[in-house]
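**Student:**
2 protein chains.
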Amino acid sequence: MSAKADSLRLRSTPRSSDPDSVERILGSNRLFSAEEITVARELVEDRIVEGSRSEYHLLFADRGGETLAFACFGSVPLTRSSWDLYWIAVEHSHRGRGLGSRLLAKVETLIEARGGERLYIETSGRPDYEDTRRFYESHRCQRVAEYPDFYAPGDDKVVFMRRLREPHAEGPGRVD
Amino acid sequence: MSAKADSLRLRSTPRSSDPDSVERILGSNRLFSAEEITVARELVEDRIVEGSRSEYHLLFADRGGETLAFACFGSVPLTRSSWDLYWIAVEHSHRGRGLGSRLLAKVETLIEARGGERLYIETSGRPDYEDTRRFYESHRCQRVAEYPDFYAPGDDKVVFMRRLREPHAEGPGRVD
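Same order as they appear, the protein sequences are chains A and B. Residues in the first sequence are numbered consecutively from 1, following the numbering used here. Residues in the second sequence are numbered consecutively from 1001, following the numbering used here.
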């Protein structure tokens, strides 16, 4: 495999194979329910059908022709400059190699370019989400709210906020 | 006007005149922007077009043939029993007569009947929303989170939560 094929490429424009890629990526982790995976597929399908009219923005990370990670985000309606990160997920066998950091940095850059000032991220307080919470904490996201039993009894919602327009390291990934 | 015509009636099924009623009710208060009113109209129109498939539940309060107040609410996707109250608003000249309390009590009853256990309400921290925040506080809603500058600089988001399935006074309003 050439060096070029090995390099990571980031792209915003979805392909028809992306709903399946998203299902594979989420399914490779054990965190997500069938219902959550269905919702994520639908977001991607909505973006493919609606094009740039969709309220969902996507970012995919490809290497060697394979899609290994994705993020989905959008501006919060009726706010001046707040955005939500709906999903960020990395194929399980490719975790721990900085793919999530690269995606998050590029998401931040894209949102900043559209005038965004705050990125909110909702996640679970369950023990099996500890790595996820640690990921956000180590990427300068502040824990700003907790909602006990929000998702289900014993499954709290934890909200992080990343203040944008601050200097941050940006990955070299190219966006199509 | 007969006593019957004076009595308050609550109904869940929307009418074709309701988008205009919602616009009139929100416009009578000075709190809401043109964009917020447009979004509220669209929720009601979505419910009329989609029928019970819509994710939005509506409740209107009519008296003497006039629609004086409304509420819009829905279950939070991917949660076991959490619900959002998107809107509750009373025609300005009819405020202070318990209409909001009657609507909120009925919304709670309807959500409880569908297994809901928690009702979340997002509102603004701006000084002109002080009456709104006091309304929720006086209806056993707890302030559970605050997001500085969420809507705009100086315009915080304040989140209240009302725990359901507790005894509460329910208004006598009838729901069609």
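Even glycine gets a Cβ: it sits at the ideal position worked out from N, Cα and C.
#1: Using alpha carbons as the reference points, say which of A/LEU68, A/ASP155 and A/HIS57 lies closest to A/ARG114.
#2: Helix, strand or coil for A/GLY51? Go by DSSP, reduced to three states.
#3: Hey, does A/LEU78 have any beta-carbon neighbour from chain B nearer than 7 Å?
#4: Decide if B/VAL1022 is buried, meaning its Cβ has at least 16 other Cβ atoms within 10 Å, or exposed.
#5: With a threshold of 7 Å between beta-carbons, can A/ARG52 be considered close to chain B, or not?
#6: Exposed or buried, what is A/LEU78 when buried is set at 16 or more other beta-carbons lying within 10 Å of its beta-carbon?
#7: Taking DSSP's pairing of strands, which residues face B/LYS1157 in a bridge?
#8: Thinking just about the alpha-carbon of each residue, which of A/ASP128, A/GLU108 and A/TYR151 is nearest to the one in A/ARG165?
#9: Indicate whether B/GLY1074 and B/ASP1084 have their beta-carbon atoms separated by less than 7 Å.
#10: Mind pulling the chain B residues with CB within less than 7 Å of A/PHE150?
#11: Of all the CB atoms in chain A, is at least one closer than 7 Å to the CB of B/ALA1145?
#12: Just how far apart, CA to CA, sit B/LEU1059 and B/ARG1030?
#13: How is B/VAL1076 classed by DSSP in three states: helix, strand or coil?
#14: Please list the partners that A/GLU36 has in chain B, where partner means a Cβ-to-Cβ separation under 7 Å.
#15: Return the CA-CA distance between B/ALA1169 and B/TYR1086, expressed in angstroms with no decimal places.
#16: Note the first and the last residue of the continuous beta strand (DSSP E) segment covering A/LEU31.
#17: Here's a check: name, in chain order, each residue in its chain whose Cβ is nearer than 7 Å to the Cβ of B/PHE1135, leaving out the five neighbours to either side.
#18: Out of curiosity, what's the CA-to-CA distance linking B/THR1067 and B/ARG1102?
#19: I'd like to know whether the C-beta atoms of B/ASP1156 and B/GLU1146 end up nearer to each other than 7 Å.
**Tutor:** Taking the geometry as given:
#1: A/HIS57
#2: helix
#3: Answer yes: the Cβ-Cβ gap between A/LEU78 and chain B drops below 7 Å somewhere.
#4: So B/VAL1022 ends up on the buried side.
#5: Inspection of the sequence shows that residue 52 of chain A is occupied by Ser rather than by Arg. No, no contact with chain B.
#6: exposed
#7: For B/LYS1157, which the question treats as bridged, DSSP gives the partners B/SER1124 and B/TYR1147.
#8: A/GLU108
#9: A contact, by the Cβ cut-off of 7 Å.
#10: Within chain B, the residues near A/PHE150 are THR1079 and SER1082.
#11: yes
#12: 22 Å
#13: coil
#14: LEU1078
#15: Low confidence applies here, because B/ALA1169 scores a pLDDT of 49, under 50, leaving its location unreliable; read the following figure in that light. Straight-line Cα distance between these residues: approximately 22 Å.
#16: No beta strand (DSSP E) holds A/LEU31; DSSP gives it neither H nor E.
#17: GLY1100
#18: 14 Å
#19: Cβ distance < 7 Å, so B/ASP1156 and B/GLU1146 count as in contact.
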